Structures are given as structure tokens and as C-alpha cells.
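In the working numbering, the protein residues as written are 5 to 519.
Following: one structure in C-alpha cells, then a few remarks.
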């Protein structure tokens, strides 16, 4: 055999082998539809093609699938059939389909059902008017609307379009999706349901409305067994007393515990408090919240807002569980139009609107600077009523900025009284001392400096200047001419003017300057 004939021979052999192999494979995929039973059968060969018309209790079998109907047309040459009335498709224990009519292609194992269709897999029941189903792949598709009922808890889900993956026990729903259960209602653009895990996944704008809360997000999931969930992209949870927002929220519906990541906003609607941060944690059992990272708390009043920043902040209920307590830690700084302050840590109670400041606290109110070991501020409707300084109490106000003259009041403890958010009276208890400048009645120029010591006294203020002093024990007082003043006479020990640290606007609460 020559080389050219040898090549031709093997080429022909490979071609023939390929033909028979392909034919064998196609033969396996194209098992013929078998007629199992019919009360009446009519063979029609009109047009040269054999058609069997079947009537009464018709039953077919194709691979592992059985089909039933009242009447049908079987097309042996195309390996297909059309069935009518009381149509049913059963595949093992996995699928039970019913409908008014069916077209079935035996070559592709593809079924087209129309009219009053139900699909039952033992756990879910689907009702629709239009369903295409790939029997070999156990995949179904409907359009024009469908309703799925969970047979375990009677929850329902309806949509315009739906996909069913029987082997994976998964549904996918699109357009006008609405899931309803005893506890909540979910509406979404696209939703997937994992039947095995009992997990709902949602895509696109989604609303979840329950008895006590509502949720919005653009993507996420909800585990119906564990009640764990995650909501992302413009996520929001709203209930009776608070609102939670963030880029991503992890939440458990039963415990109401959650975490918020990115652009977190916690809003207390009862106390008009808004807490913004990079991260927040919520403990629903104990009603405790924790926030950190670029933190800003806002409390809104009728005509003003308090802005507070710190490294971390906790909110919790007090023993009555009616009022909130806020604990703020490290580099605490706040701004309100009529009062500003900073300290290391702070406690605020909504029960009596009391603020307590710890570790190097300082308060600025109008022209006054107040410092001490601990400062307690009592407010009402956002206005300061009184301010108590415990230990090393010190109040400073500038009398003349051009000459650096400062009025000063100090004592062991000090209680400042406010009227219209201005200090009008100061009660000093223990080691009381004051420095103030006597002014000319006409030009208001300083004429001399009074330095006075008395264990207990009350200082009356007018326009942020010392107007009058009432002494309760024998005072020691000296008036110094301006020409005789020295730094030692002008300033009490530990005097500090900390105006550079004072926030001038809300953005300044993020700026921390050491004293």
C-alpha cells in the first residue's frame, strides 16, 4: 500500500468511526416516548406522517418521567406529543406538574405547559399560567406572573418572572417580587430563594416590613431559620424608637443585635439624637450601642444643635429603661452655639439632661472659660441651667484683650447659675478667691485690679463682668494700681487661657489640640 493510499484509508476509517459514535450518542439522548395506556387510540397518516390520537386516561413514559392526560396527540417521527386536559408530569419524588395543556419534545426532554399550572416538589407549590420546563435538567421558567406557596409555613412569594432549579432547590424571581409571611413582607426587584438553607437573597431596591420594624437595602440576604441577615448599599432599619443606616448592616431579627459598617448613622427618634460613625455595634437584648471612627453625635433642639465628637461612644438605658445614658471616651469635644467644651471622657443622661465631664474638662460659655477636676452641667430644653465644678474650680473671662487683663474666680467648688444661657451668679465654696478689674464708669477703662480672698462668696455677673460680690466670711481684699501689677499678682496659680482649643464651629470638634 502506497503512502497516499494509507492516509486515505485511515482518514476514511476515522470518519466512519466518528459517524457511528455520534449516532450512538444521539441515540442514547433520543429515547422514544412510550405510550403506556389509553382507552382509545386512532392512527392518522394524513400527509404521510403517522399521528396517534389518544383518548381517555392516557399515560406516557419517557426515561424516568411519566405523563398523564385526558387526550393527546403522539408524533412518533418527531418524538413529541401534545396533551390536553388534566395534564400531569411526574418525575420520581422530585417533581409533580399539572396543567391544562402540554407540548413535550422527547429529543430535548423539554416541556411547555399552559393554563392553570401547578408545580409541587414536596416543600413548595407553584401556580402560574405559563411554564417551560426542562425535565432532564430539572429547570423551569415562568412568565406572566406566578405564586409560590411554602407548604411548611404557608408563606407566599409572587413575581412576574420566575426560575426554578429543582436539583439545587433554588428559585429566582424577577420583577414586582413580593414575599409575604406571618411576620414580614418583602418587596424587591429580584429575589432568590435557597430552599435547603431557607435563605432569601435580594438584589435591587428591597423593602422588608415587619410588625415592629422595616428595612430597606439594595442587596442582601435573610436566613429564615437563624434570622441572621445582611443588608448592603444604602441599608436602613427603622423601628419605633430608632433608625439604623449604613453601607452594610449585619443584623439578627430575633435578638436585634447588629453591626454597621461604613457611613453608620444611628438615630434615636425619641431623644432627637443622631450618631454618625465608621462602625457601630448594637445589642438589642441590653439596648446598648457602641460607635467609633470619625464619630459625630448630634442632638437637635428647637432652635439649635449640639455636636459632639470622641474616639468612642456608648449608649445604653438606665435602670428604669426609660431614659438613655451616653458615655463618650477620649478626646471628647463638643460645640453648641452658646456653649462649647472638651475633656477626656463624658457622661450624658437624658433622664435629667445632665452632662458630667471628667479628666481635664474645660467649658466655654460666652466670654467665660471654666475648668476643674470634674464639671457637671444641668440643662433643660437644650439650655444650660447650672454648672457645678468639683475641686480646683476656676472661671476666667477676658476683661481687656488689648492689655491681657483677665477677671478670675477660683475655689474648691463652684456653682455657676445661668439665665438665657449666660452666667449671672457664681457660688464659691471653700478657698474662694477672685481677681477683677475696676472700671471707670464713663470710658470703661480699667483703673485698678482688685484681688480678694474669702472662703465663701457669691459673685454676681453683668455682661460677663463681675458686677457685685457678696461675702459670707471676713474677706481679705486689696486694690492694686495698674502700674504696680506683676504676673504673680495678675494671675492665680495654674491660670491658663485656652481660647486656641475652643471650637468655633461644628467641624472644629474633630480638631484636637493639647493644652
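We put the CB at the ideal spot given by N, CA and C, even for glycine.
Nothing here was measured: the structure is a model prediction, and the numbers come from that model.
Can you give the Cα-Cα distance for residue 216 and residue 244, rounded to whole angstroms?
Going from the Cα of residue 216 to the Cα of residue 244 covers about 7 Å.
Flag residue 197 as yes when its Cβ comes closer than 6 Å to any non-hydrogen atom of the ligand MG, and as no otherwise.
The model on display carries no ligand, and the ligand MG is accordingly not part of it.
If residue 93 and residue 85 are in contact, beta carbons under 8 Å, what's the gap, nearest whole angstrom?
Wrong, their Cβ atoms sit about 11 Å apart, outside the cutoff.
Given this structure, state the Cα-to-Cα distance separating residue 177 from residue 513, to the nearest angstrom.
When the Cα atoms are used, residue 177 and residue 513 turn out to be separated by approximately 48 Å.
So, at 6 Å on beta carbons, what are the nonlocal neighbours of residue 87 in its own chain, with the 5 sequence-adjacent residues on each side left out?
Setting aside the 5 residues that flank it on each side, residue 87 is surrounded in the same chain by 73, 76 and 106, each with a C-beta closer than 6 Å to its C-beta; the list follows chain order.
Which of helix, strand or coil DSSP assigns to residue 506
In this structure, residue 506 counts as coil in the three-state DSSP scheme.
Buried or exposed: where does residue 372 fall if 16 or more other Cβ atoms within 10 Å of its Cβ makes it buried?
Buried, because 16 or more other Cβ atoms sit within 10 Å of the Cβ of residue 372.
From 431, 135, 306 and 509, pick the residue whose C-alpha is nearest to that of residue 345; which is it?
Nearest C-alpha to residue 345: 509.
With a CB to CB cut of under 6 Å and the five nearest residues on each side skipped, what residues in its chain are close to residue 137?
Excluding residues within five positions, the ones whose Cβ falls inside 6 Å are 115 and 144.
Bridge partner(s) assigned by DSSP for residue 368
BP columns for residue 368 point to 344 and 373.
Taking only the alpha-carbon atoms, compute the straight-line gap between residue 338 and residue 192 and give it to the nearest angstrom.
In this structure, the straight-line span from the alpha carbon of residue 338 to that of residue 192 is close to 41 Å.
Ranges of the beta strand (DSSP E) found wholly within the stretch 415-496, counting only runs of at least 3
Listed in chain order, they are 426-433, 437-443, 450-457, 460-466, 469-475 and 480-485.
For the putative contact between residue 463 and residue 430, defined by C-beta atoms under 8 Å, what is the C-beta separation to the nearest angstrom?
The beta-carbon separation of residue 463 and residue 430, rounded to 4 Å, stays under the 8 Å limit for a contact.
Which ranges would you report for the beta strand (DSSP E) in the stretch 235-260 if only whole runs of at least 3 residues count?
Annotation note: the stretch 235-260 contains the following uninterrupted beta strand (DSSP E) runs of length 3 or greater, listed N- to C-terminal: 246-256.
To the nearest angstrom, how far is it from the Cα of residue 298 to the Cα of residue 240?
Cα to Cα, the separation comes out at about 20 Å.
Considering Cα atoms alone, identify which of 451, 457 and 383 is closest to residue 412.
Looking at the Cα atoms, 457 is the closest of the given residues.
Shortest alpha-carbon distance to residue 502 belongs to which of 416, 272 and 516?
Nearest C-alpha to residue 502: 516.
Measuring alpha carbon to alpha carbon, tell me which residue in 168, 189 and 78 is nearest residue 108.
When each option's Cα is compared against that of residue 108, the closest is 78.
Just tell me which of 253, 229 and 246 has its CA closest to the CA of residue 238.
Across the set 253, 229 and 246, the C-alpha of 253 shows the shortest separation from the C-alpha of residue 238.
Are the CB atoms of residue 476 and residue 460 nearer to each other than 7 Å?
Yes, the Cβ-Cβ distance between residue 476 and residue 460 is below 7 Å.
Reduced DSSP secondary structure (H/G/I, E/B, other) of residue 50:
DSSP places residue 50 in the helix class (H, G or I) of the three-state scheme.
In the DSSP assignment, what residue or residues form a beta bridge with residue 335?
BP columns for residue 335 are empty, so no partner.
To the nearest angstrom, how far is it from the Cα of residue 211 to the Cα of residue 189?
Annotation: residue 211 to residue 189 spans about 8 Å, alpha carbon to alpha carbon.
Look up residue 157 in the DSSP assignment and give the residues it is bridged to.
The secondary-structure analysis by DSSP pairs residue 157 with nothing; it has no beta-bridge partner.
Which of the three DSSP states, helix, strand or coil, is assigned to residue 181?
Strand.
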